[in-house]
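Worksheet: one structure, shown below.
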């Protein structure tokens with residue numbers, strides 16, 4: 001009891017908070033080298049594992065595009081394509097390790113109030129990118145059909161599998177990046193580059209710009225097809241502007 005009384009009488013500690021030791025330039029470079037090495041090893045291992053499922057991914061993409069069959073034009077083209085697809089799949093499979101290494105490298109330079117935003121931002125980035133990929137997969141058959149309908153009747157379309165997969169990957173990446181709009185706006189808002197008032201004042205321009213972008217990403221003869229992209233993008237814009245307003249930005 002005497003010990004407890006002495007502790008209570010002492011009150012809260014008045015010692016100054018201990019500052020975290022800062023890393024030197026050499027230590028930063030060493031940490032970066034270690035993070036890159038671990039990320040590359042994880043990607044390599046994931047790529048080797050992905051070789052065994054690359055064939056199924058290619059089959060899925062061809063079926064999803066609705067073209068029936070595809071060809072390749074060079075010896076060993078099918079093998080090279082599977083290796084290429086496996087490398088992309090490897091990035092996806094290794095992404096948790098890559099993100100973890102990036103966090104371990106960046107986090108020492110962040111303040112405590114900045115670190116609390118990192119995990120929600122990472123989760124939102126992954127979710128929005130995944131939503132963009134899903135939208136791209138939904139729009140892919142329509143996109144291929146429209147492009148083929150513009151081909152003259154005298155020309156026969158024989159899809160090269162390498163070109164087709166490359167086109168699909170670019171389309172998926174494009175949709176995924178476009179759907180990162182709310183994350184980009186939120187980060188710009190937290191950095192003070194934009195604010196909710198600025199976004200609301202320019203709402204008509206955003207409405208028009210997103211409409212043009214949606215028509216470019218999902219061309220079609222009917223006005224409803226571009227709504228697949230326009231509606232979620234505009235809702236993302238409004239939701240981000242409202243969130244920044246609630247945060248006083």
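Residue numbers (this note's numbering): 1 to 249. Every residue, glycine too, gets a C-beta built ideally from N, C-alpha and C.
Asked, Found
"Cutoff 8 Å; reference residue 207; Cβ partners in own chain excluding five residues on either side", "234"
"7 Å CB neighbourhood of residue 19 in its chain, flanking five on each side removed", "In this prediction, residue 19 has a pLDDT of 48, which is less than 50 and means its spatial position is unreliable; what the coordinates show is noted afterwards. Nothing listed; no residue qualifies."
"Contacts around residue 217, its chain only, beta-carbon distance under 8 Å, and the 5 residues preceding and following it disregarded", "139, 174, 175, 178, 226 and 229"
"Cα-Cα separation between residue 33 and residue 46, rounded to whole angstroms", "20 Å"
"Any 3 or more C-beta pairs closer than 8 Å across the stretch 148-164 and the stretch 67-77", "yes"
"Endpoints, the alpha helix (DSSP H) within which residue 30 is located", "25-50"
"Inter-residue spacing [alpha-carbon to alpha-carbon] between residue 98 and residue 76", "31 Å"
"Beta-carbon contacts of residue 122 that lie in its chain and below 7 Å, excluding the five residues immediately before and after", "99"
"Under the three-state DSSP convention, the category residue 123 falls into", "helix"
"Among 166, 36 and 135, nearest to residue 88 - alpha-carbon criterion", "166"
"Endpoints, alpha helix (DSSP H) assigned at residue 194", "Segment: none, residue 194 is in no alpha helix (DSSP H) and carries neither H nor E."
"Residues near residue 42 by beta carbon distance below 6 Å, same chain, minus five either side", "94 and 97"
"DSSP beta-bridge partners of residue 160", "71"
"Beta-carbon contacts of residue 148 that lie in its chain and below 7 Å, excluding the five residues immediately before and after", "157"
"Contact belief for residue 141 with residue 50 at Cβ below 8 Å, rounded distance in angstroms", "Actually they do not touch by this definition, with Cβ atoms about 25 Å apart."
"Same chain, Cβ closer than 8 Å to residue 137, five either side skipped, listed in chain order", "64 and 172"
"Spatially closest choice to residue 135 from 214, 35, 111 and 244, by CA coordinates", "214"
"Backbone secondary structure at residue 102 - three-state DSSP", "helix"
"Nearest-angstrom beta carbon gap, residue 61 and residue 194 [assumed within contact, 8 Å]", "With 8 Å as the limit, residue 194 and residue 61 do not qualify as a contact, their Cβ atoms being about 37 Å apart."
"Classification of residue 231 by the beta-carbon crowding that lies within 10 angstroms, buried from 16 upward", "exposed"
"Alpha carbon of residue 183 to alpha carbon of residue 125, nearest angstrom", "7 Å"
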